[in-house]
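Notes to accompany the following structure.
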Ligand SMILES: [Zn+2]
Ligand SMILES: [Zn+2]
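Protein chains in written order, with our numbering: chain S, 533 to 839; chain W, 533 to 839; chain D, 178 to 495; chain E, 178 to 495.
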């Protein structure tokens, strides 16, 4: 389904409750339960507050179309490379054939691939936006995702646009083997080329951003934002535990943790994300500095005026 | 005394013993006692092994002229800016007038300033060499030292030479106040300009290299070597102890310590320093790569030959 | 909250206290008491005048360290709009002793970099009293490079006793981090305006503390070494700092005389903390003018001129 | 010292042991014994042939991990002259899991960067079994930038199970360090030749593992994920790695088939450790030729071509 259809379809969509103990006797509308504070929330309310729990601030995971809706100036999104999808170059078949995983992912997400890319305006700034969708094989990066990212960067370079990437991913897509691993190098190369052209790149690390996606284009942005509570990292949690034989700190590798350890520019609540990105673009896309005045002479100024 | 005179004077020089318990009944020649292993050494032997203790490897502190003698291709050193010396811009007089310190330093070292700079060949490579002399107000950097360093870098840039700096210093020279502090920025700027010209810069951190000298040109080199056991750092040892209220590890801030903590390229024994620098210059000054052959085709090579 | 009294203000504070005591007396005002009060008032006024008229270097150091003196974060909050604070060095940590932020002064988009002291003990512990570790300098450097890439002028606020002299700071390359910043600042292809707002302690100050302009608040100091450290070296006694201070040529006036500062912003009598609003207004105006002068200067020329500034620093004989 | 026996060699090792036992028997050789011996010898020879003739991917993984397999430091020592090892990232530490060195191959000045495993337990602990921390990747990056500045071609040796999956490694930005290297390598303005000599585990391998040429030893592997980790994800059972290995297209031959490798260097039967000298000679020759081909290519062209190589990677539908 092209993204434009999706937006139409969305208008009539209904969420079903995510847990069995949702109040059943309430009037029309649907309800969800916050996994963090266990409050029951009306979906209509969540829609108005960018899917953030009104009670505890928990950020619900959201899919690519919803993210786009929240980020871009209304009606400005034009999808690009919508027809680009994965194939099965290795005829991968361990436990489950890759083709089957792909078919399921397409059905579950209604998307042709794990990333949606397109032109848009954000706060009036022309951008190319890419958003990974976790429902599609855990937002993993194979050849198609890598190629769509590469093309997004090249498009931005061609059309003098900033790039915004919102990541939610388990990492490189195992089922395409080395072709997936090399997408890390390929996307990193494109970040470098955009940078050489002096165009801004902002990334948003959403929950979760892991492995080969973190370790390539996601963290190479000029400014990195992350959503509260988002899990971010390279190695898998279980592998780390097995390696170091100790339990990990409670907030290990959350967005807040990495802000403290200097890896991010800021953790930004979803409700402020769009305006923060738009403002950042105002800075990075050049705000038009007034022309130079005459040369300065040394002089002394007092708090009350010149002396 | 110009450095050339110094080399002449040196031929007739005699060292006196540094401790009272040197054997007095030995034949002609002078003896020194190793401060590390307490062995008594014949100065003639020390001369042949670059002033390194034959018994324990202790590196004796050496002055600028001796360092130059050890480093450059024989007879190639031409001093530059020999007439550039310090004045007393602040009329500094706390505890002791700066002018007095300067006069004493000149008398003690026989040098007009705390650094000797000049053109030379090292392993056949044209370089500009700068060597700080600790005897001159602890090798501290004031306006004159900063200016001589800046000119050394500019000379190298003009004449397409590499730069080698050998540092032994307590840091910025207090007695010239902010003028000294600003030499840090001034010398760092010159390192940057040499780098833009693609010319190599090698530094050698000798014992000790501290404060504003470490935190400016000394550690901005393309390749940083250090002598075994050399003390290197920014803050004074006593200030650190007072600040953190704990005693410091035994090898704290030695060359070996900073090699382990990733701050240096290598700790190089003095006896290997000249050849190591010459070889490094061979790499950095361009070794003449053969011209390109035809394009490669994919092919498979076996251990025994092509297949 | 009682006003913090600096050492040199103590005689004045004592008189003021005595006056307050007299005025609190719940008795009829006798002519003798009225005389005493007006005498005290006159004495206070006179002392006020002489005490603050020409502060000595050591007194200025005290003013520069006054706990209520406006700090980097106050300037950011009061002068700038649209602030986005940026965190971290992307390699080791986010040093809160340094603040980096995208910020807008009177419509001009800038990158602000400053030492950040705390306003109370708790904040000061978090921010290490404004003394950065290497990751703080590297955080600043990242901000510089970002500013350069996108043509944002850099405004720095200098206010530190110095780089932190600790074991881990040395281990992680305090000298290396400072040196990298010096080289970066010296050749940064965007305007750099440095403002001394309080303490300017040695290499830790310099690491974000020079550029195309150096603007000094009247009572800010900037020194190769703190007076205490200097005294402890030359007199073997840190308490003799008041004697060392005048030798170091570290006041704003000294820096003007030496040709190192471009402009001094006069403070209200007694120090910036007595009337922060007027200081904010002056800083906004002076920095704004400097930004205006430097905007549009071709970058090659800008950097060439900054190099010439540096080249010219130093007094020697040849 | 007994030769290390890989899992798949066990049947052969058992026969060889039995043969050795028979030969050790201190009795007169009866015709029956002689027959048994020659029968065993024939069996061994046959098994030898079939066993090593076409190693499965999982068997190759075992060969690539053989403790006696030549390592980065062996190649540096045996192939290169005038070696100057460079240490450290100039920010945090000197990670011994990465080796960086100025080194000369047949008169050509190069920068060598390689993962460095140990040759024994003690060395392996020091070098963390060749699994770098972020400071290791940053050390490599410093070497890349130095090479670029002075026009030295870069030769990398890939041999790691992967970036170290530890708490501190993550804390100090493992992903960030790897990503920086990828961007740096992709646009480095000097030739880059990557040689897969053993294990090529995921992002930790890639961080120094691509460039203008990718040369693979026959039994080296290079994979998006180790077969064990893959098996533990898809089968919930790491011991099923032998089943996962062939799915991942990770052998040198696979990489040639996928157009990712440029050249395969055949190893002696049984693996490089059986005759290191011949492998050193081949690697020297192939790397030397690649250096020759790339030397003198204008840098714009070189980087453009490297970008084209990367752009071309991937199979998809549109
Ligand atoms: Zn909640
Ligand atoms: Zn000794």
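All C-beta atoms in this analysis are idealised placements derived from N, C-alpha and C, irrespective of residue type, glycine included.
In terms of Cα proximity to residue 262 (chain D), the closest of D:327, D:232, D:222, D:291 is D:291. Within the same chain, 630, 707 come within 6 Å of residue 624 (chain S) by CB-CB distance, once the 5 residues on both sides are set aside. Within chain D, the C-beta atoms nearer than 9 Å to that of residue 754 (chain S) come from 323, 326, 327, in chain order. Separation of residue 790 (chain S) and residue 746 (chain S) (C-alpha to C-alpha, rounded to the nearest whole angstrom) is 12 Å. When D:346, D:486, D:403, D:399 are compared, the shortest CA-CA separation from residue 309 (chain D) is found for D:346. Exclusion of residue 400 (chain E) from the 8 Å shell around ligand 2 follows from its C-beta lying no nearer than that to any non-hydrogen atom of the ligand.
At least one CB of chain S lies nearer than 9 Å to the CB of residue 269 (chain D).
For residue 782 (chain S), the distance from the CB to the nearest heavy atom of ligand 2 is not below 8 Å. Residue environment analysis places residue 744 (chain S) among the buried positions, since at least 16 neighbouring C-beta atoms fall within 10 angstroms of its C-beta. Between the region 633-648 of chain S and the region 659-667 of chain S there are three or more inter-stretch CB-CB distances shorter than 8 Å, so the stretches are counted as touching. For residue 583 (chain W) against residue 594 (chain W), the beta-carbon gap comes to about 5 Å, under 8 Å, which counts as contact.
Judged by their CB atoms, residue 400 (chain E) and residue 386 (chain E) are not nearer to each other than the 9 Å cut-off.
If you check each beta-carbon in the region 277-310 of chain E against every beta-carbon of chain W, the ones closer than 7 Å belong to 279, 285, 286. Interface with chain E (9 Å Cβ-Cβ cutoff): residue 732 (chain W) is included. Close to ligand 1, as judged by a C-beta nearer than 6 Å to any of its heavy atoms, are the residues S:566, S:568, S:569, S:571, S:585, S:587, S:588, S:590, in chain order. Rounded to the nearest whole angstrom, the CA to CA distance from residue 313 (chain D) to residue 266 (chain D) is 7 Å. The three-state reading of DSSP puts residue 314 (chain E) in helix, counting H, G and I together. Approximately 19 Å separates the beta-carbon atoms of residue 684 (chain S) and residue 655 (chain S); this is outside 8 Å, ruling out the contact. As computed with DSSP, residue 565 (chain S) is found in a beta bridge with S:572.
With fewer than 16 other Cβ atoms from the protein chains shown falling within 10 Å of its own Cβ, residue 807 (chain W) counts as exposed. Distance between residue 616 (chain S) and residue 468 (chain E), taken at the CA atoms: about 37 Å. Residues of chain E with a Cβ closer than 8 Å to the Cβ of residue 353 (chain D) are, in chain order, 267, 268.
By the Cβ-count criterion, residue 732 (chain S) is buried, with 16 or more other Cβ atoms from all chains shown falling within 10 Å of its own Cβ.
Going by beta carbons, residue 298 (chain E) and residue 476 (chain E) fall outside the 9 Å limit. Residue-level contact check: residue 429 (chain D) does not touch chain W, since none of the beta carbons of chain W fall below 9 Å from its beta carbon.
In the three-state scheme derived from DSSP, where H, G and I count as helix and E and B as strand, residue 287 (chain E) is classed as strand.
Residue range 234-241 is occupied by the alpha helix (DSSP H) that includes residue 234 (chain D), with no beta strand (DSSP E) assigned at that position. Neighbours of residue 350 (chain E) in chain D, taken as residues whose beta carbon is under 9 Å from its own, are 267, 268, 269 in chain order. Within the region 636-708 of chain W, the complete alpha helix (DSSP H) segments at least 4 residues long are 675-690, listed from N- to C-terminus.
By the CB criterion at 9 Å, residue 620 (chain W) and residue 653 (chain W) fall outside the cutoff.
Counting other Cβ atoms within 10 Å of its Cβ, residue 241 (chain D) reaches 16 or more and is therefore classed as buried. Note: residue 334 (chain E) is bridge-paired with E:291, E:372 in the DSSP secondary-structure output.
DSSP places residue 194 (chain E) in the helix class (H, G or I) of the three-state scheme. Fully enclosed beta strand (DSSP E) runs of no fewer than 3 residues occupy 369-377, 390-394 of the region 349-403 of chain D, in order along the chain.
Contact between residue 795 (chain W) and residue 353 (chain D) holds: their C-beta atoms lie close to 6 Å from each other, under 8 Å.
Within the DSSP bridge table, the entry for residue 618 (chain S) names E:493 as partners.
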